[in-house]
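Colleague:
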Amino acid sequence: MKKQRFRPASLVPSGLMVDGIGIEGDRVVIRARAAASACPCPDCGAISQRIQSRYWRRAKDLPLSGRRVELQVLVRRFRCDAVLCGRQIFAERFGDRVLAPRARRTDRLDHIVQHLGLALGGRPGASFAARMMLPVSNDTLLRVVRQRARQPSEPLRVIGIDDFAWRRNHRYGTIVCDLERRRPVVLLQDREPATSEAWLRRQQLVHMVARDRGGGYGEAVARALPQAVQVADRWHLMENASRAFLDAVRKSMRQIRSALGATVVNPTLLTAAEKLQYDGYLRREETNAAVLALWQEGVPIKQIVRRTGHHRQTVRRIIRGERSDVFRPRQSSLEAHLPWLDAQWDTGARNGSALWRTMRRNGFRGSLRVVSEWATRRRRAEKTDATSLARVPSTRTIARLMTTGRDNLTKAETVTIAAIENGVPALVQAREIVADFHAMIRARRAEPLASWIERASQSLVASLANGVRRDEAAVRAAILSAWSNGQTEGQITRLKLVKRQMYGRGKIDLLQARLIGAQ
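7 is the number of the first residue of the sequence shown in this note's numbering; add one for each residue after it.
(1) Using a Cβ-Cβ cutoff of less than 6 Å, which residues in the same chain neighbour Ala392 once the five nearest sequence positions on both sides are dropped?
(2) With contact counted as at least three CB pairs below 8 Å, one residue from each stretch, are the region 407-426 and the region 372-388 in contact?
(3) Quick check on DSSP: helix, strand or coil for Tyr178?
(4) Using only the alpha-carbon positions, how far apart do Leu501 and Phe170 sit?
(5) Could you name each continuous beta strand (DSSP E) segment of 3 residues or more that falls completely within the region 66-91, going from the start of the chain to the end?
(6) In three-state terms, what does DSSP make of Met138?
(7) May I ask you to list the residues that DSSP assigns as paired with Tyr61?
(8) Assess, as a yes-or-no matter, whether the region 473-484 is touched by the region 252-269 under the definition of 3 or more beta carbon pairs within less than 8 Å.
(9) Does the Cβ-Cβ distance between Gly101 and Asp49 come in under 9 Å?
(10) How about the region 140-154 and the region 123-130: do they share at least three Cβ pairs that are nearer than 8 Å?
(11) Do you know whose CA, among Ile439, Val104 and Gln233, lies nearest Arg249's CA?
(12) Is the beta carbon of Leu77 closer than 9 Å to that of Ala42?
(13) Which first and last residues belong to the beta strand (DSSP E) in which Met214 is found?
(14) Return the chain-ordered list of same chain residues with a C-beta closer than 8 Å to the C-beta of Val34, the five sequence neighbours on each side being excluded.
(15) Express the C-alpha separation of Leu466 and Val191 in angstroms, rounding to a whole number.
(16) On the DSSP letters alone, give me the boundaries of the alpha helix (DSSP H) that Phe251 sits inside.
(17) Quick one: grab the DSSP three-state call for Leu193.
(18) Inspect the beta-carbon positions of Val227 and Val164 and report whether they are closer than 9 Å.
(19) Which stretch, first to last residue, makes up the alpha helix (DSSP H) that contains Gly222?
(20) Would you decide whether Phe12 is buried or exposed? Buried here means 16 or more other CB atoms lie within 10 Å of its CB.
(21) Tell me where the alpha helix (DSSP H) around Arg476 begins and ends.
(22) So, with DSSP's three-state summary, where would you put Met508?
(23) Pick helix, strand or coil for Pro1, following the three-state DSSP scheme.
(24) So who's on the other strand from Leu22, going by DSSP bridges?
(25) From this set, Ala200, His213, Gln435 and Gln58, which residue's C-alpha is nearest Leu162's C-alpha?
(26) From which residue to which residue does the beta strand (DSSP E) around Val164 run?
(27) Can you tell me whether DSSP reads Glu419 as helix, strand or coil?
(28) For Asp515, name the three-state secondary structure that DSSP assigns.
(29) Confirm, please, whether the CB-CB distance from Arg189 to Pro158 is below 9 Å.
(30) Does the Cβ-Cβ distance between Gln58 and Arg99 come in under 9 Å?
(31) Label His317 either buried or exposed according to how many other C-beta atoms from any shown protein chain fall within 10 Å of its C-beta, with 16 as the threshold for buried.
(32) Going by DSSP in three states, Ser54 sits in which element: helix, strand or coil?
(33) Tell me which residues share the same chain as Val532 and place their Cβ nearer than 8 Å to its Cβ, disregarding the 5 neighbours each side in the sequence.
(34) Quick one: Cα of Ala355 to Cα of Trp346, how far?
(35) By Cβ distance below 7 Å, which residues in the same chain neighbour Asp25 in space, the five residues on each side in sequence not counted?
Quick look at the structure:
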């Protein structure tokens with residue numbers, strides 16, 4: 007293998023010649039000059055060899071052997087002999103890919119500085135740059151990221167649009183992604199339909215838009231790009247159907263308690279935590295009764311809100327029957343350990359602390375209080391009639407058990423679900439309707455959609471059917487089309503990471519430069 011000799015010119019960017027190298031403390035000083043003997047005028051392009059004067063120009067370059075590098079370049083001033091050129095004297099240029107005019111860093115160093123800013127941001131990037139012997143500050147990193155930001159110029163045909171939170175529940179922005187090239191295109195300051203419409207009007211080549219279920223973007227696309235096909239997000243469709251079934255279970259809690267024989271709760275048998283929840287339930291029942299009385303008298307929701315002082319969404323939930331659950335709708339951390347606990351209790355292990363310590367060794371992450379309250383309930387159940395202590399599972403637990411295969415349920419769970427199905431047949435119908443909707447999306451079959459809407463409109467999930475009817479074209483396209491808004495959701499997750507790296511203080515131009523410039 008032929009060995010190549012080391013040449014000092016390999017230490018500097020191409021087009022420069024090394025005149026000398028010296029070490030001064032913690033830095034390496036390299037003196038260089040241009041290899042060409044002539045230089046073109048930057049205005050007229052005429053080649054000139056007449057040198058007027060020389061001066062030294064200093065720039066930072068890539069570090070060498072753990073030392074900072076200062077590049078001292080001998081710059082020549084030339085005279086332009088062109089008669090019609092307005093410039094008489096000019097300094098030689100080295101090219102933007104070597105050393106741009108007025109630059110204090112070489113292009114190759116600037117390139118690394120940009121990518122440090124893209125990856126780490128300001129202060130973390132400056133800290134890492136100091137370890138790499140790169141003389142840049144946090145402001146310099148962010149300034150370079152902004153200066154080198156480039157907007158994608160390719161024509162857009164298939165895009166995804168969605169909102170992201172500047173501050174959750176307060177202020178939102180809009181992100182647009184190129185689904186064909188799998189990258190973000192632009193960030194908009196807000197999610198107002200007018201803002202999105204103004205940007206979309208400049209993208210007349212777009213023929214397909216994937217969006218979420220919100221109506222704002224749909225209206226903006228319909229006005230700005232009437233020829234474009236709108237595609238609803240499939241994940242949101244699946245999630246909306248599951249949420250509709252959860253709401254149906256929540257509306258049916260009174261019938262469920264009646265079917266399970268737990269219409270009366272004995273307060274003396276409740277634990278301390280359950281008593282707090284039961285007291286809250288009694289207060290909610292008083293509020294529910296007052297709101298429902300006004301609603302039955304024909305009072306509009308707006309007037310009910312003004313009279314009672316409750317939030318509009320709370321009033322809507324009361325009218326829809328979604329605030330009748332006694333205990334908090336949350337799944338207990340003991341759900342997976344109940345069979346083991348029952349077996350231990352039957353063998354005579356009645357100490358809650360001992361049971362908790364054993365469970366901790368087996369991977370349980372809950373607190374001692376959860377196990378102690380369970381043991382207290384079991385002791386009280388043995389002293390009284392077991393039916394008087396019957397407690398209905400939470401809304402989420404019932405919805406989960408009803409949509410889980412019977413082979414994966416315990417005997418007690420199977421008995422509970424069978425009683426609910428016999429007592430509340432409308433809930434079984436809602437479950438079948440939701441399952442059919444999921445099956446349509448998974449099988450990519452849109453033919454049954456119209457009949458499904460008619461059937462669902464007469465069930466407990468009528469709100470889901472009404473929403474699908476209003477957006478039927480986009481839902482049908484979501485079932486049949488290969489495009490979806492999943493890419494945009496992934497870019498939003500990445501955007502959140504970048505925003506949190508900057509402690510949520512990055513302006514939209516910097517956020518866009520870091521998000522799009524890293525492609």
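Backbone N, C-alpha and C fix where the C-beta goes; we use that ideal spot for every residue, glycine too.
Modeller: On the basis of the coordinates in this document:
(1) Residue placement at Ala392 is flagged as unreliable, the pLDDT there being 46, under the threshold of 50; the coordinate-derived value follows with that caveat. There are no such residues.
(2) no
(3) strand
(4) 9 Å
(5) 73-85
(6) coil
(7) Val81
(8) no
(9) no
(10) yes
(11) Ile439
(12) no
(13) Met214 to Arg217
(14) Ile27, Gly28, Leu70, Ser71, Arg73, Arg74, Val75 and Glu76
(15) 41 Å
(16) Arg240 to Lys257
(17) strand
(18) no
(19) Gly221 to Ala230
(20) exposed
(21) Ala468 to Arg476
(22) coil
(23) Residue coverage of the chain in this structure runs from 7 to 525, which leaves residue 1 outside it and unanswerable.
(24) Ala40
(25) His213
(26) Val164 to Arg173
(27) helix
(28) helix
(29) yes
(30) no
(31) exposed
(32) strand
(33) For the chain, the structure presents residues 7 to 525; residue 532 sits outside this window and is missing.
(34) 11 Å
(35) Arg37, Ala38 and Arg39
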